[in-house]
Structures are given as structure tokens and as C-alpha cells.
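Colleague:
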Amino acid sequence: MTPPDTRDLLLRAAELAQRYLQDLPARPVAARAGAAELLARLEGALPEEGLPADRVIEELVASADPGLTAMGSGRFFGWVIGGALPVGIAADWLTSTWDQNAGSAEATPAAAVLEQVALGWVAQLLDLPPGCVGGLVTGGQMANTVCLTVARHRVLAAAGHDVEQDGLAGAPAVELLMGAEQHDTVLRSMRLLGLGTRRIRHVPVDRQGRMRAAELAAVLRRVHGPAIVCAQAGNVNTGAFDPLEEIADAVDTARSRLPEGSVWLHVDGAFGLWARTSPALRAQAAGAERADSWATDAHKWLNTPYDCGVAITAHPEAHRRALGIHAAYLPTQDPVVRAPFDYTPELSRRARSFVLWATLRHLGAAGVRAMIERCCAHARRFALALADVPGLEILNDVTLNQVLVRLRDPAGHDDAAHVRAVIAALWADGTCLTSGTTWQGVPAMRISVSNWATDESDVDRSVAAIAAAHLGRAR
Ligand SMILES: *Cc1c(COP(=O)(O)O)cnc(C)c1O
24 MTPPDTRDLL LRAAELAQRY LQDLPARPVA ARAGAAELLA RLEGALPEEG
74 LPADRVIEEL VASADPGLTA MGSGRFFGWV IGGALPVGIA ADWLTSTWDQ
124 NAGSAEATPA AAVLEQVALG WVAQLLDLPP GCVGGLVTGG QMANTVCLTV
174 ARHRVLAAAG HDVEQDGLAG APAVELLMGA EQHDTVLRSM RLLGLGTRRI
224 RHVPVDRQGR MRAAELAAVL RRVHGPAIVC AQAGNVNTGA FDPLEEIADA
274 VDTARSRLPE GSVWLHVDGA FGLWARTSPA LRAQAAGAER ADSWATDAHK
324 WLNTPYDCGV AITAHPEAHR RALGIHAAYL PTQDPVVRAP FDYTPELSRR
374 ARSFVLWATL RHLGAAGVRA MIERCCAHAR RFALALADVP GLEILNDVTL
424 NQVLVRLRDP AGHDDAAHVR AVIAALWADG TCLTSGTTWQ GVPAMRISVS
474 NWATDESDVD RSVAAIAAAH LGRAR
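Every position in the sequence shown, counted from 1, becomes a number in the working numbering once 23 is added.
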């Protein structure tokens, strides 16, 4: 096997990538082939003989292409995904090429310094208090887990328990308080941390999914030991924010009668926290700066390529105690540039900082704000147009980028099968892609406008496709 010329190989990959991006607007948004079909085509034992790199790349593209969803399309509105700005794609290529192990500042000053700088920029954009620390992880799930690991350390330390040394055996119970519409990843973080889900008190929420702060305050009045409160900035269905100021007030009241550090306030703001970059949207997320920790994603609304989650806490010492690593063969903490591996659960990891830094540097604060505001304007355009379609109703207050659509069947009833059929018809049609949910008992369709590339014509074409799929079924 002769090694191919690196130049030809990389230029060919660039050409294939460029072709994909160029075809993206015309490509059917849903994948042409399903998982079962692809598996039948591709499964089998690894051949004994290898294949030259250039042929592998051609084969990879031929194998994967039918199963690719156009997540970067301006008409992809499924879940909360976001696209990838070209600057991030280019920086991502260089990240792989440089192949830096981003764990230590001594091993890779560039990755560590740019991580520190980019984290500072995120904190600045989100208007978090000075002195925060953080780390770059795979996504919101791990960002929640990192923040809650630090929370677990601090609230138990306040009760005189050293969870790092002694584990949870013999630890006082930690009260876990969150809204009933909290994201499922927070529950998984609780499982991973050994805190469990049984103890969680799910505070009632309103029709938008916002935690009722008065009910939280009532529950907190009966808390006598360590407690972690998880608030949400941006519900995955409605985009709604928990009332963060009132929640922070309730937490302050509880703190005033408990030992210092006993109550931790975490904000899961995977996409919603970015509302804080815009004066027009910021009020919904007011009070977030009063929290102890924040989990967010760059790969959703900031439109970096996967993967990039951001975990930030306001407690550098607790953060290092909970997550820091100490091994004789590893470099020690640098006094100027922090060691990235002391802030996440990973040791070796990808240098996500290059993409995050490049994306922020490209957009600037004004560009981030404009992108966030544009997505919200498109969401409002969706809501206005869809509300005019017979049988459709917008279930949420469209104050962010999420639109939740009720689709009644021809008889005027809520019917999960009708919602599923409309979504399936959209996927088959290829114009746009939306996803489904059940919102407080009502089957519904979700539209998430999270992509930098979406424009008004994308919205209008998608509205027409949704109306046709719904009315066609209803006929
Ligand atoms: C998407 C999301 C998460 C999980 O983030 P991942 O990046 O998918 O791990 C957590 N919380 C909320 C509110 C989310 O929207």
C-alpha cells in the first residue's frame, strides 16, 4: 500500500466537502436511506487487506452520503441542532491536522491559551460574573455533569462531607430541586453523580414550562441540608425560561439560614443562555448571572460544528477540587494559563478551543447577537404564518427560537398519529425537517430555528410544505 500524496488527499477531501456544502440548499433535508437500509449495505467483518487512503475517502462518501441528514440546511428545524459556520468548519479541519491533545497547557500552549481566551469571551457574551472558570466538553449533557459535579462537591463540603475522598457513603442526602420540564440530561447527570433521580423534587411549571418560583420558595423553606437547584434557560420545546431572578431570590433566602455553600444554583442553558447576548431578548434570561454554574452549547445556537459544550462555574477553587487531577507524570498547574484537564472529567481531548475561538472571532459580539436575533425573528415569522393554516395552533409564546405547533386532525382532535404522519410526510417531501413531541399531554410538532443559514425564503417554503402536508392529510 503506497501512502497517497497528502496534498492530493486533503485537496480531494476539501473538494468533496465543498461540493457537499454547495449542494446543501438543494439537497432533500432528511436522509435518503434509513439506518436499517444502511446497515444491511455496510455491515460485515473488517477485510484483512487495507485500502489506500484516497480510495477510502471516496468509499466513505459513497457509503455515508445516502444516510446523511442535511443538518446544515437552512430548512433543518429538527430538535435543537444548529449548523456549522464555514469558519468553524475550516478551523475544525486544522484542529484535526494539528492533532493537539488539549489536556495540558504545557503540552499545547496554543490550545490551552485559546481555550482560556474563548471561555472568557463566552463569559463576556453571556454577561457572567468576573472570575468564572470553565471547560470545553462534548455538549450540554457533559456541561451539566461538570457543573453538577462541582455543585455536589461544594454543597457536601458545606455539610462537612468530603465526597472526593469518601464518596457518597455516609454523605447527607442532597436535596435536588428543579422544574417539572427540566431537560432529561440533567436527570442523567444526577444518575451519573450517584445523587439519583428518586429524590428529585419536580417543582410544578406553568403552561410554557416555566418553574413556578413561589412553589420553589415553599419547597426551599423546608430544606435543612445541602441542596442543588437546577433552573432552565430555554426549554427545549417552548424556549421558555424559568424565572431566574425569583429563583435566585428564593435561593438567597434559603442560603441566609444555612451554612455557607449549602445551596447551589445551576442554570441549564444549552441554547437559551445565548439570549443574553441581545438587548431585545435579554430580559427573559435576567438573573442568570446570579447562579453558581452554567451549562451551554456552542454546537447548537453558536453554530460551531460538533462537538462543543461549555461548562462554567463561579467557584474556581471548588471546580478544581471536584475535577482536578494529580499525577506525578502530568505537568503541574501553570500559574498563568490554567491546565484544561483540571476543569473537565477528561484527560486527553480534542482541542475544541480552535473552533470556538475562530467562530467567536469571526462573528464578533455583534455577529453573535445578530445571528441569535435573526433566528428569533424567523421563529416569529413561522408562528404568524402557521397560525393562519386551518387546524394549526401555536402552543407556545414564541419569545425565542422555538415554535410549538398543535396540529389537529380533520375531525378537529389532537391525534399523535396525525402529527407523526405530517412529520413523516415532510421528511419524505424533503423540503424541510421538523420533529415531534408531546407537550403537557398534547401531541405537537416542534420547529427549532437554530441555524445561521436560515433566511426568510427558507421559512416561507417550509410553511408551505407544512401546510401542504397537514392539509393534504386532512383532505
Ligand atoms: C440540548 C440540550 C441539552 C443537552 O445538550 P447536548 O449538547 O445535546 O448534550 C441539555 N439541556 C437543554 C436545555 C438542551 O436544549
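By construction, the Cβ of each residue, glycine as well, lies at the ideal position given by its N, Cα and C atoms.
1. Does the Cβ of P328 have 16 or more other Cβ atoms within 10 Å, making it buried, or fewer, making it exposed?
2. Check each candidate in L69, E72, R64, A93 and name the one with the smallest Cα separation from Q45.
3. Pull up the distance between the alpha-carbon of E88 and that of A293, whole angstroms please.
4. For R498, count neighbouring Cβ atoms within 10 angstroms of its own Cβ and tell me buried if that reaches 16, exposed if not.
5. So, do the segment 174 to 183 and the segment 336 to 347 have three or more beta carbon pairs nearer to each other than 8 Å?
6. Given the structure, does H385 come close to ligand 2, in the sense that its CB is under 8 Å from one of the ligand's heavy atoms?
7. What is the DSSP secondary structure of E72, counted as helix, strand or coil?
8. What does the Cβ neighbour count give for A317, buried or exposed, with the cut at 16 atoms within 10 Å?
9. Is M394 near ligand 1, in the sense that its beta carbon is under 8 Å from a heavy atom of that ligand?
10. Would you mind working out which of V84, Q123, G67, P51 sits nearest G95, comparing C-alpha positions?
11. Would DSSP call H493 helix, strand or coil?
12. In the segment 452 to 493, which residue ranges form an unbroken beta strand (DSSP E) of at least 3 residues, counting only runs that do not cross its ends?
13. For the alpha helix (DSSP H) containing L427, list its first residue and its last residue.
14. Given that a residue counts as buried once 16 or more other Cβ atoms are within 10 Å of its Cβ, and exposed if not, what is L151?
15. With distances taken between CB atoms, is the gap from L159 to L379 smaller than 9 Å?
16. Return the chain-ordered list of same chain residues with a C-beta closer than 7 Å to the C-beta of A141, the five sequence neighbours on each side being excluded.
17. Which residues share a DSSP beta bridge with R550?
18. Note down, in chain order, each residue of its chain lying with its Cβ closer than 6 Å to the Cβ of D432, except the 5 sequence neighbours on either side.
19. Buried or exposed for S480, please, with buried defined as at least 16 other CB atoms from any protein chain shown within 10 angstroms of its CB.
20. Can you list, in chain order, the residues of its chain with a C-beta nearer than 6 Å to that of E269? Leave out the 5 residues immediately preceding and following it.
21. Span of the beta strand (DSSP E) holding D291?
22. For the alpha helix (DSSP H) containing I395, name the first residue and the last one.
23. When the Cα atoms are used, what is the spatial distance from G162 to D291?
24. Which of helix, strand or coil does DSSP assign to V156?
25. Within a Cβ cutoff of 7 Å, which residues of the same chain sit near A194, ignoring the five residues on either side of it in sequence?
26. Please determine, among A36, L39, I251, Q164, the residue with the shortest C-alpha to C-alpha distance to K323.
27. Using CA atoms only, rank isn't needed, just tell me which of W462, T319, G495, A196 is closest to E204.
28. Which of the three DSSP states, helix, strand or coil, is assigned to V252?
29. Would you check if there are 3 or more beta carbon pairs closer than 8 Å linking the segment 206 to 213 to the segment 270 to 279?
30. Considering only the alpha carbon of each residue, which of C170, W475, V421, E416 lies closest to G257?
31. Would you mind working out which of V333, C398, R299 sits nearest A388, comparing C-alpha positions?
32. For my contact list, L409 and I489 are in at a C-beta cut-off of 8 Å; report their separation, rounded to the angstrom.
33. Please state whether DSSP places L325 in a helix, a strand or coil.
34. Roughly how many angstroms lie between the CA atoms of G73 and A59, to the nearest whole one?
35. In angstroms with no decimal places, state the Cα-to-Cα distance between Q41 and R404.
Modeller: Put simply:
1. For P328, the number of other beta carbons within 10 angstroms of its own is at least 16, and it is reported as buried.
2. Residue A93 holds the alpha-carbon nearest to the alpha-carbon of Q45 among L69, E72, R64, A93.
3. It is worth fixing the name first, because residue 88 is Asp in this sequence and not Glu. In this model, D88 and A293 are separated by some 29 Å (Cα to Cα).
4. For R498, the predicted structure reports a pLDDT of 42, less than 50, and the residue's modelled location is therefore unreliable. A value from the coordinates is still provided. Label assigned to R498: exposed.
5. Contact between the segment 174 to 183 and the segment 336 to 347 is present, because at least three Cβ pairs lie under 8 Å.
6. Inclusion of ligand 2 in the displayed structure is not the case, the ligand content consisting of ligand 1 alone.
7. E72: coil per DSSP, three-state reduction.
8. According to the sequence displayed, residue 317 carries Trp and not Ala. Label assigned to W317: buried.
9. No, Cβ of M394 sits at least 8 Å from all heavy atoms of ligand 1.
10. If we check each option's Cα against that of G95, P51 comes out closest.
11. Of the three classes helix, strand and coil, the one that applies to H493 here is helix, per DSSP.
12. Within the segment 452 to 493, the complete beta strand (DSSP E) segments of 3 residues or longer fall at 458 to 462, 465 to 471, listed in chain order.
13. Careful: L427 lies outside any alpha helix (DSSP H), inside the beta strand (DSSP E) at 425 to 430.
14. In this structure L151 is buried. Its beta-carbon is surrounded by 16 or more other beta-carbon atoms within 10 angstroms.
15. It is a contact, given that the beta carbons lie within the stated cut-off.
16. Within the same chain, A141 has close Cβ partners S376, L379, W380, L383.
17. The question about residue 550 has no answer here: the residues shown for the chain are numbered 24 through 498.
18. Its chain contains D438, H441 as the residues whose beta carbon lies nearer than 6 Å to that of D432, once the 5 sequence neighbours on both sides are disregarded; these appear in chain order.
19. Around the CB of S480, fewer than 16 other CB atoms lie within 10 Å, so the residue is classed as exposed.
20. Correct list, in chain order: A236.
21. D291 -> beta strand (DSSP E) spans 286 to 291.
22. Boundaries of the alpha helix (DSSP H) harbouring I395: 376 to 410, taken from the DSSP string.
23. The alpha-carbon atoms of G162 and D291 are separated by roughly 12 Å.
24. Strand at V156.
25. Cβ within range, chain order: L179, H184, V186.
26. Closest by C-alpha distance to K323, out of A36, L39, I251, Q164, is Q164.
27. Per the Cα distances, W462.
28. Residue state, collapsed to three classes: strand.
29. Pairwise C-beta distances place the segment 206 to 213 out of contact with the segment 270 to 279, as fewer than three of them are shorter than 8 Å.
30. The candidate whose alpha carbon is nearest that of G257 is V421.
31. Residue R299 is the option with its Cα nearest to A388.
32. Between the beta-carbon of L409 and that of I489 there is about 7 Å, and that keeps the pair under the 8 Å contact cut.
33. The answer is coil: DSSP assigns L325 none of H, G, I, E or B.
34. If you take the alpha carbons of G73 and A59, they lie about 26 Å apart.
35. Approximately 31 Å, taken between the alpha carbons.
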